[in-house]
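Working notes, structure below.
Protein chains: 2
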Amino acid sequence: MQRTDFGAMACSIARTLDVVGEPWSPLILRDVWVGIRQFEQIQADLGISRKVLTERLHHLVERGVLARRPYDSRPRYEYVLTDKGTELVDVLIVMAGWGDRWLAGEAGPPVLHRHHACGQVSTAELRCAHCGEPMRAGDVDVLPGPGTVSE
Amino acid sequence: MQRTDFGAMACSIARTLDVVGEPWSPLILRDVWVGIRQFEQIQADLGISRKVLTERLHHLVERGVLARRPYDSRPRYEYVLTDKGTELVDVLIVMAGWGDRWLAGEAGPPVLHRHHACGQVSTAELRCAHCGEPMRAGDVDVLPGPGTVSE
């Protein structure tokens, strides 16, 4: 894929997009998250070509988001989320919440999330790790950080 | 761009990717969010071609994420986030947090987020809208919702 080197930008959004910045990678991560972990299962679920799926899985393993592990005694494998990949699911959860709210239409959300702690079907909210109050687009100032690159 | 019709999938992640499922759209939204709102400013900041930027802005306006409004008395325009777009910034905030944590390296985060409510430089956490406890990848069961399509 010909494109700009997003990974080299001094921007954590751009760097994240360098790992998952095309539509298939988030959907592959979603599949692995919900338990669709073998190559053929993922391929069937997403209707993706073997070539593209092979390439994306390789990329996600190489970036440390997925790990490949033996599935049983035969030489078969399944894909699992690493810690890095598990934390990336936060992005998917928020993405799904936005899609549920703005794109689901009258049919309603395709899936629901039941929260273990309270047992309720619920949605995730962004809260400040420091004070616990809502932390959304209008709630923050964006300041230069230590990793800013002066150009 | 030749690709699958993600918008037609019964999946809110896929539908969201149909709106912002390539690397430039999230970066354009980030720019508008932090106040880089005019065509030439966005172009200079991202180093994107005029052709691609024109196409992506048109797409984001057409999907109701950005709105174009007159900038001054002359026929100039700037782009602003709609309510739908402002809520999509949640995804960017979580994406930036993940990139800060896993991809920033020793230099540290490129930008910091100072939370208005408490005045602290902080990060966003996902909390359950119902009970307020953390709501992340391992904290939920994914259930079929009303918009599930049986195949």
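From first to last, the protein sequence lines are chains V and X.
As numbered in my numbering, residues 1 to 151 make up the first sequence, in order.
As numbered in my numbering, residues 152 to 302 make up the second sequence, in order.
Heads up, the beta-carbon is just placed ideally off N, CA and C, and yes, glycines get one too.
Nothing here was measured: the structure is a model prediction, and the numbers come from that model.
Pairing residue 106 of chain V with residue 300 of chain X, the inter-Cα distance amounts to about 13 Å. Distance between residue 259 of chain X and residue 273 of chain X, taken at the CA atoms: about 14 Å. With a cut-off of 8 Å on Cβ pairs, the region 5 to 16 of chain V is not in contact with the region 158 to 166 of chain X, counting fewer than three such pairs. The beta carbon of residue 207 of chain X sits closer than 7 Å to the beta carbons of 175, 176 and 179 from its chain, once the five residues preceding and following it are set aside; these are given in chain order. Its Cα nearest to that of residue 11 of chain V, the residue X/246 stands out among X/238, X/246, X/200 and X/171. Counting only runs of 3+ residues, the beta strand (DSSP E) found wholly inside the region 250 to 298 of chain X occupies 262 to 266, 275 to 279 and 291 to 295, in chain order. The way I'd put it, the region 123 to 132 of chain V does touch the region 267 to 283 of chain X; three or more beta-carbon pairs between them come closer than 8 Å.
Counted as a single uninterrupted DSSP element, the stretch harbouring residue 78 of chain V is not any alpha helix (DSSP H) but the beta strand (DSSP E) occupying residues 77 to 81.
Between residue 237 of chain X and residue 138 of chain V, the C-beta gap is smaller than 8 Å, which places the two residues in contact. Taking 7 Å as the Cβ-Cβ cut-off, the region 257 to 279 of chain X approaches chain V at 258, 259, 260, 261, 262, 263, 264, 265, 266, 267, 268, 269, 271, 273, 274, 275, 276, 277, 278 and 279, given in chain order. At a C-beta separation below 8 Å, residue 16 of chain V has these neighbours in chain X: 246, 247, 249, 250 and 254. Around the beta carbon of residue 124 of chain V, 16 or more other beta carbons lie within 10 angstroms, which makes this residue buried. Secondary structure note for residue 221 of chain X: its beta strand (DSSP E) is the uninterrupted segment 217 to 221.
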